[in-house]
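One structure below.
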Amino acid sequence: AKLIDISTFKQLIRENGLFASRVISILGENSNQINNRFFCLTHRQSYGRLANLLLCLSERVFKADKFELDLTRKELAELAGMSTENVIRILKKFQEDGLIELNGKIITLNNLEDLQRICDLG
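Residues in the sequence shown are numbered from 1 upward in steps of one, following our numbering.
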């Protein structure tokens, strides 16, 4: 990543309203994402946390319902704030319920609406 001189950045903000607006928009989006993740980790039960993480990966990272996940179950557990055993158990349950399909490192989210419902209900 290339860094830009702070004085140049400030000048761009002052002189280019579209640039300034876009920077503010990006900062707002990032702030909302951080707040949502914090809320999820502190207020949702394990099913909701894992559903939220899968939806987040699908929507924000991979921008697809089917994606290759190069994370171990342990890393997935750390991101969701859960034990590895819980992640494995819940992934299996999600698969049995037809919400997701697991094929090696490929995860397919089959039922986004139900995953979102699980996420929303906690």
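Even for Gly, the Cβ is constructed at its ideal location relative to N, Cα and C. What you are looking at is a predicted structure, and each value in this text was computed from that prediction instead of being measured.
Counted within 10 angstroms of its Cβ, other Cβ atoms place residue i as buried (16 or more) or exposed
{"i": "Val61", "result": "exposed"}
{"i": "Leu109", "result": "buried"}
{"i": "Arg49", "result": "buried"}
{"i": "Leu54", "result": "buried"}
{"i": "Asn30", "result": "exposed"}
{"i": "Ala80", "result": "buried"}
Residue i, DSSP secondary structure in three states
{"i": "Leu3", "result": "coil"}
{"i": "Leu109", "result": "strand"}
{"i": "Asn16", "result": "coil"}
{"i": "Leu99", "result": "coil"}
{"i": "Lys66", "result": "strand"}
{"i": "Gln45", "result": "coil"}
{"i": "Leu115", "result": "helix"}
{"i": "Leu76", "result": "helix"}
Among the options, nearest to residue i - alpha-carbon criterion
{"i": "Glu101", "options": "Gly81, Phe67 and Asn86", "result": "Phe67"}
{"i": "Gly104", "options": "Gly81, Leu18, Leu71 and Ile118", "result": "Leu71"}
{"i": "Ala64", "options": "Ile34, Arg73, Ile6 and Ile106", "result": "Ile106"}
{"i": "Asn111", "options": "Asn86, Leu76, Ala51 and Lys74", "result": "Ala51"}
{"i": "Ile121", "options": "Gly17, Lys74 and Arg44", "result": "Checking the sequence shown, residue 121 turns out to be Leu, not Ile. That would be Arg44, whose Cα lies nearest to the Cα of Leu121."}
Flag this pair as touching only if the segment 18-31 and the segment 57-77 have three or more C-beta atom pairs under 8 Å; answer yes or no.
-> no
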